[in-house]
Amino acid sequence: MTGVSRSLLYKRLSSARVVWLVFSSGRAWYRGGIRGWAGSSGRLDVVARVMLAACYPGCDAQGGCLFAASLQGPALFVHEAGGRMCREYEAGEEILRGLQGVSRLSMVYPGLSGVELLSLAKSLGYRVLLLSERCPVSWRVSLNRRVVVLGADIDPPSAVHSLADECISVGPISYLASSVAALLNVLSQIDPPSEGPGIGEA
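Each residue of the sequence shown is one higher than the last, beginning at 596 in our numbering.
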């Protein structure tokens with residue numbers, strides 16, 4: 596990644612309250628229409644649904660947020676929430692514009708992985724919150740200065756676990772990634788926990 600790209604991403608991270616990071620097998624170079632996303636494109640349709648659940652309308656009430664998707668390529672898609680979206684196709688269109696390089700709110704960073712984004716965010720003081728069915732169930736969640744990590748159609752790579760400050764589950768069964776994002780937004784606004792020490796801290 597060029598120094599210009601890194602400085603731009605650094606600036607975006609510095610001003611966000613929460614960052615959502617989704618790992619997907621979607622292809623960064625995909626050129627087709629939205630109707631063809633399911634299946635052959637690596638489930639970019641799932642990425643669109645998670646972006647909608649994570650960023651709209653929650654970010655307006657909670658302050659600024661970024662949405663990032665680690666795609667095949669490798670490349671990182673980053674969306675800075677703005678305005679309102681109500682429908683899945685609107686999120687899909689924004690992702691497509693970002694991949695085509697014609698969006699003001701979205702940008703693709705070729706050669707940058709999700710793990711590298713996590714390392715950069717931690718250097719800025721973010722805590723990494725990993726969502727996994729294998730972690731303890733928690734119904735008290737703070738999203739303030741968190742990078743929330745979950746998988747769309749694939750699980751986050753094993754390297755993410757060593758970077759995680761917290762690891763929780765929202766239940767013992769499988770959930771849609773978009774449902775998890777929506778639930779976390781709700782839980783974070785209901786009796787949020789105090790900002791005490793994290794896992795492994797005294």
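Idealized CB from N, CA, C, for every residue including glycine.
Quantities reported herein were computed from a predicted structural model and do not represent experimental measurements.
Can you give the Cα-Cα distance for residue i and residue j, rounded to whole angstroms?
i, j, result
"V703", "Q784", "31 Å"
"G746", "L604", "21 Å"
"R740", "V723", "9 Å"
"A676", "P767", "31 Å"
"E711", "S764", "24 Å"
"A759", "L778", "20 Å"
"P705", "F618", "15 Å"
"S701", "L647", "14 Å"
"L714", "E685", "One point to set straight first is that residue 714 is Ser, not Leu, in the sequence displayed. Answer to the nearest angstrom: the Cα atoms are 30 Å apart."
"D640", "Q667", "15 Å"
"C757", "V642", "Cys is not the amino acid found at residue 757; the sequence shown has Ser there. C-alpha separation (whole angstroms): 24 Å."
"G795", "R622", "Reliability of the predicted coordinates at G795 is poor, the pLDDT of 34 falling under 50, and the value obtained from them is presented with this limitation in mind. Approximately 36 Å, taken between the alpha carbons."
"A649", "L738", "11 Å"
"E761", "A754", "14 Å"
"S799", "S727", "Nothing about residue 799 can be read from this structure; the chain reaches only from 596 to 797."
"V744", "V613", "11 Å"
"R607", "A776", "21 Å"
"V736", "P669", "31 Å"
"L671", "L616", "10 Å"
"S665", "D750", "11 Å"
"S635", "Y721", "Below a pLDDT of 50, predicted positions are generally treated as unreliable, and S635, at 45, falls in that range; the measurement from the model is reported next regardless. Near 34 Å, if we compare the C-alpha coordinates of Y721 and S635."
"R692", "S774", "25 Å"
"S600", "L725", "26 Å"
Answer with buried or exposed for residue i, where buried requires no fewer than 16 other C-beta atoms within 10 angstroms of its C-beta.
i, result
"R699", "exposed"
"S708", "buried"
"V781", "exposed"
"A716", "buried"
"R679", "exposed"
"G793", "Since pLDDT at G793 reaches only 39, below the 50 mark, its modelled position is unreliable, and the value read off the structure follows with that caveat. Label assigned to G793: exposed."
"L719", "exposed"
"L771", "exposed"
"P752", "exposed"
"S602", "exposed"
With distance defined between alpha-carbon atoms, name the residue in the options nearest to residue i.
i, options, result
"C660", "P669, Q667, V673", "V673"
"D748", "S620, R601, V614", "S620"
"F662", "S753, R682, V736, V742", "V742"
"E688", "D750, R644, L616", "R644"
"R682", "Y651, V744, P669", "Y651"
Per DSSP, which residues does residue i bridge with? Please list them.
i, result
"V642", "For V642, which the question treats as bridged, DSSP gives no partner whatsoever."
"M615", "It is worth fixing the name first, because residue 615 is Trp in this sequence and not Met. For W615, which the question treats as bridged, DSSP gives the partners F662, V743."
"E675", "L661"
"I763", "L726"
So does the segment 690-697 actually touch the segment 720-735, counting three or more Cβ pairs closer than 8 Å? No contact exists between the segment 690-697 and the segment 720-735.
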